[in-house]
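Going by full-length UniProt numbering, the residue at position 58 of the sequence shown is 58; the numbering climbs one at a time, nothing skipped.
Where a beta carbon is used, it is the ideal one built from N, C-alpha and C, also for glycine.
Because the structure is a prediction, the values reported are computed rather than measured.
Below is one structure; the comments refer to it alone.
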Amino acid sequence: MILKIERYMEQEVRKGDWWLLDDIIKISKTTFKRNHIDDDVMFNHDIHILDYENIQYNKNTSSDCEKKNWDTLVLVCRRSNGDEFSIIFDTIAYVLNNNGKTIEKIVANYRE
């Protein structure tokens with residue numbers, strides 16, 4: 001399987017960037033709410049894509065962000081060689097088969 005995670009960047013030039021990870025045989029998912037002061041949560045994962053949070057933090061005051069909670073997902077992925085890695089993200093991901101066809105869409109937060 002292939003995992004495709006969308007980047008939410010404020011700059012027009014950067015819109016449409018993706019993370020692509022392949023050779024995945026198993027994906028486990030956890031969803032939770034977090035806010036900007038929960039930064040210790042993200043350091044327990046191999047890949048961090050918290051673009052929605054960063055955009056919210058830039059648009060609002062720090063104290064507003066500390067009060068807000070938004071959906072965050074953690075995926076634990078196993079590769080065919082047995083290695084595992086975890087990804088924390090707050091955007092949208094697509095699980096694709098090896099031919100590039102979408103199997104599942106996983107949404108944390110839509111771009112505003």
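* Provide the residue(s) that pair with residue 126 in DSSP beta bridges, ordered along the chain. => The question about residue 126 has no answer here: the residues shown for the chain are numbered 1 through 112.
* Asked: With respect to the beta strand (DSSP E) encompassing residue 33, which residues constitute its N-terminal and C-terminal limits?
  -> Start and end: 24-34.
* **Which residues DSSP lists as bridging residue 4, in chain order** => Residue pairing for residue 4: DSSP places it in a beta bridge opposite 20, 94.
* Asked: Using the C-alpha atoms, what's the distance from residue 83 back to residue 73?
  -> C-alpha of residue 73 to C-alpha of residue 83: approximately 20 Å in a straight line.
* Inter-residue Cα distance where the pair is residue 26 and residue 97 -> Using only the alpha carbons, I get a separation of about 12 Å.
* Which residue comes first and which comes last in the beta strand (DSSP E) that contains residue 83? -> The continuous stretches of beta strand (DSSP E) do not include residue 83, and DSSP gives it neither H nor E.
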